[in-house]
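J.:
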Ligand SMILES: NC(=O)C1=CN([C@@H]2O[C@H](COP(=O)(O)OP(=O)(O)OC[C@H]3O[C@@H](n4cnc5c(N)ncnc54)[C@H](OP(=O)(O)O)[C@@H]3O)[C@@H](O)[C@H]2O)[C@H](O)CC1
Ligand SMILES: [K+]
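Numbering (full-length UniProt numbering), first residue to last: 1 to 503.
Here it is, written out as structure tokens:
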């Protein structure tokens, strides 16, 4: 199943569509939400646990009343703490509050910090239904106290939809939020579940369905997660009658006297990932040192002073450039030459990005797909912004580069974001901290090269390549390695483990 990623606005649009066009009542959606969350909560707690449910002023609080009723009816020990005065509870939330009270439920209206503190300390589990999608600005009186007390003394925290106080969207740097151990996300994860500075507040998260129609997601949600199901569905299978030419002839340009190894890793990864033929274009001085490390590749010597080598570009199905090539003026001229003179998919990585920055507009006029694969430092350099600024709003900046320069962007990180020039965005699901090591990007460049040559859709090729890279690391860490010792060259070998899951 496709997992969509939504902004607050997209979720409200989906909600409105469901109510106005489909005709499902808001109270029913709240009932579904509360029930679905309760079922999930039951799997996370013990029957003997004392549960305290914090409810706030909006519909997130409304979900809390349904959860309280459902669990109370199953004989769980439930206390409700309402962190706002009665008059703040309105609409569907008030309806469910009344139903809860009519069931015999009682509500503690928190007035003193000491009350909130005592009830929290005396609970095994806190369910946080204070705020959801609707949070705006700094937390007001009452809510801030509740959030601080929960963070200080709660034993275990399960947040409903979003940890309270955390923005759903990107772009907010400062906020006060509940730190959840587990978040039960309603229908679709929000953008903040994929940002470096906000994701950790969710703890572990999982989604529940409340009956919102797929058609509404297709209409309004613009992003989704790329996981094993997507990879499996669109990964091309090798034709038994195929020959090496059918799997692409790729050229990888890079390497230099001080960084000869990266280009080898790219070539090896491309071959492991299925490329038919790989040629390494590198400094003539380097070839003797590396040729024995990748005997399957062919080599094209590039004289370091020759910025316009007579490489027969037309023979290649795709090219990758930049890995370990250094920052000399000659390297810069070579990158410019390749950008201008090639008419096949071009993947620009590492130092190639540094060189291309001086004339990004040239990318716009290329007739074939151009793919840039920056890590956050490189992306910030391309945009002339700080890394911090980039990481607060990575979806926006990825889109900005993709659309301004008509390129595909693979912004590498824990949550790698892939953006097409048409504005489609996905987040890769696989990978672990073992990939945070030198050489990892070189390996990814090779997998990208191999897949771009084998898949008709460049977008799917990029998504699958990122998935394979991360999944190889995941399988290695599960089976034989740890995220501490994993090395980029191990990941090349791990590609086989990923492919074997397909057979
Ligand atoms: N996704 C769905 O289809 C469904 C989701 N449900 C749940 O509903 C919430 C979203 O509900 P909403 O009411 O829009 O938002 P909240 O619950 O987050 O709360 C809004 C209220 O909070 C007040 N508010 C906002 N910011 C602050 C702040 N900084 N400090 C204090 N109070 C704040 C706001 O007050 P205003 O005066 O600003 O209006 C509102 O009163 C979603 O997350 C799901 O949990 C449905 O239950 C089912 C369908
Ligand atoms: K919440």
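A virtual CB, placed ideally from N, CA and C, is assigned to each residue, including glycine. Since the structure is predicted, the reported quantities are computational estimates derived from the model, not experimental observations.
Can you tell which of 321, 14 and 57 has its C-alpha closest to the C-alpha of residue 82?
T.: With distances taken between Cα atoms, residue 82 lies closest to 57.
J.: At 3 residues or longer, what runs of the beta strand (DSSP E) sit wholly inside the segment 260 to 288?
T.: DSSP runs (the beta strand (DSSP E)) wholly in the segment 260 to 288: 277 to 283.
J.: In the DSSP assignment, what are the bridge partners of residue 299?
T.: In DSSP, residue 299 forms a bridge with 280.
J.: Would you be able to state if there are at least three C-beta pairs under 8 Å between the segment 19 to 27 and the segment 131 to 148?
T.: No, they do not touch.
J.: Which whole runs of the beta strand (DSSP E) in the segment 84 to 123 are 3 residues long or more, in chain order?
T.: Within the segment 84 to 123, the complete beta strand (DSSP E) runs of at least 3 residues are 107 to 109.
J.: With H, G and I counted as helix, E and B as strand and the rest as coil, what does DSSP make of residue 48?
T.: Looking at residue 48 - three-state DSSP - the assignment turns out to be coil, as it is neither helix nor strand.
J.: So residue 223 is in the beta strand (DSSP E); what residue range does that whole segment cover?
T.: Unbroken beta strand (DSSP E) run through residue 223: 223 to 226.
J.: Three or more C-beta pairs under 8 Å: does that hold for the segment 115 to 135 against the segment 161 to 170?
T.: The segment 115 to 135, when compared against the segment 161 to 170, does touch it at the 8 Å Cβ threshold.
J.: Less than 8 Å separating the beta-carbons of residue 473 and residue 439?
T.: No; because the gap between Cβ atoms is not below 8 Å, this pair is not in contact.
J.: Can you tell me which of the three DSSP states residue 139 falls into?
T.: The answer is coil: DSSP assigns residue 139 none of H, G, I, E or B.
J.: What are the start and end residues of the alpha helix (DSSP H) that includes residue 398?
T.: 394 to 405 is the span of the alpha helix (DSSP H), which, as asked, contains residue 398.
J.: List, from N- to C-terminal side, the beta strand (DSSP E) runs of 3 residues or more that fit wholly inside the segment 360 to 447.
T.: Those beta strand (DSSP E) runs which fall completely within the segment 360 to 447 and span 3+ residues are 370 to 372, 408 to 411, 417 to 419 and 425 to 428.
J.: Please determine, among 256, 290, 289 and 294, the residue with the shortest C-alpha to C-alpha distance to residue 271.
T.: Answer by Cα proximity: 294.
J.: Taking the alpha-carbon of residue 355 as reference, which of 367, 206 and 334 has the nearest alpha-carbon?
T.: That would be 334, whose Cα lies nearest to the Cα of residue 355.
J.: Out of 213, 187 and 159, state which residue places its alpha-carbon closest to the alpha-carbon of residue 181.
T.: It is 159.
J.: Can the beta-carbon of residue 311 be found closer than 8 Å to that of residue 300?
T.: In contact: residue 311 and residue 300 (Cβ atoms closer than 8 Å).
J.: Cβ-heavy atom distance between residue 326 and ligand 1 below 7 Å?
T.: Not so, every heavy atom of ligand 1 lies at least 7 Å from the Cβ.
J.: Kindly examine ligand 1 and report whether one of its heavy atoms sits closer than 7 Å to the Cβ of residue 25.
T.: It does not: the Cβ of residue 25 is nowhere closer than 7 Å to a heavy atom of ligand 1.
J.: Give the range of the alpha helix (DSSP H) segment to which residue 61 is assigned.
T.: Its alpha helix (DSSP H) spans residues 59 to 73.
J.: Could you round the C-beta distance between residue 320 and residue 279 to whole angstroms and report it? I think they count as a contact, below 8 Å.
T.: Going by Cβ atoms, the distance from residue 320 to residue 279 rounds to 11 Å, so no, they are not a contact pair.
J.: Taking residue 173 as the reference, give the member of 230, 441, 45 and 391 with the closest Cα.
T.: Ranking the options by Cα distance to residue 173, first place goes to 391.
J.: By the DSSP assignment, the beta strand (DSSP E) with residue 82 in it spans what residues?
T.: 77 to 82 is the extent of the beta strand (DSSP E) around residue 82.
J.: Residue 489 by DSSP, collapsed to three states: which one?
T.: Note: residue 489 maps to helix in three-state DSSP.
J.: Is residue 445 near residue 323, with beta carbons less than 8 Å apart?
T.: Yes. Within cutoff.
J.: DSSP three-state call for residue 250: helix, strand or coil?
T.: Here residue 250 sits in strand by DSSP.
J.: Which class does residue 178 belong to by DSSP, given the choice of helix, strand or coil?
T.: Residue 178 falls in the coil class under three-state DSSP.
J.: Does the distance between the C-beta of residue 582 and the nearest non-hydrogen atom of ligand 1 fall short of 7 Å?
T.: Look at the range of the chain in this structure, 1 to 503, and you will see that residue 582 is not part of it.
J.: Can you tell me whether residue 134 sits near ligand 2, meaning its C-beta is under 7 Å from at least one heavy atom of the ligand?
T.: No, Cβ of residue 134 sits at least 7 Å from all heavy atoms of ligand 2.
J.: Does ligand 1 have even one heavy atom less than 7 Å from the beta-carbon of residue 259?
T.: Every heavy atom of ligand 1 is 7 Å or more from the Cβ of residue 259, so no.
J.: Please report the Cβ distance between residue 209 and residue 36, rounded to the nearest whole angstrom; I am assuming they are in contact, meaning their Cβ atoms lie under 8 Å.
T.: Indeed, because the Cβ distance is near 7 Å, the residues count as touching under 8 Å.
J.: Run through the segment 169 to 219 for me and flag every whole beta strand (DSSP E) of 3 or more residues, listed as ranges in chain order.
T.: Counting only runs of 3 or more, we get 182 to 186 and 204 to 208.
J.: Compute the minimum distance between the beta carbon of residue 186 and the heavy atoms of ligand 1, and state whether it is under 7 Å.
T.: Under cutoff, so the answer is yes.
J.: So, with DSSP's three-state summary, where would you put residue 256?
T.: Here residue 256 sits in strand by DSSP.
J.: Cβ of residue 376 versus every heavy atom of ligand 2: is any distance shorter than 7 Å?
T.: No, Cβ of residue 376 sits at least 7 Å from all heavy atoms of ligand 2.
J.: Is it the case that the CB of residue 392 approaches a heavy atom of ligand 1 more closely than 7 Å?
T.: No, the Cβ of residue 392 stays beyond 7 Å of every heavy atom of ligand 1.
J.: Given that a residue counts as buried once 16 or more other Cβ atoms are within 10 Å of its Cβ, and exposed if not, what is residue 130?
T.: By the 10 Å Cβ count, residue 130 comes out buried.
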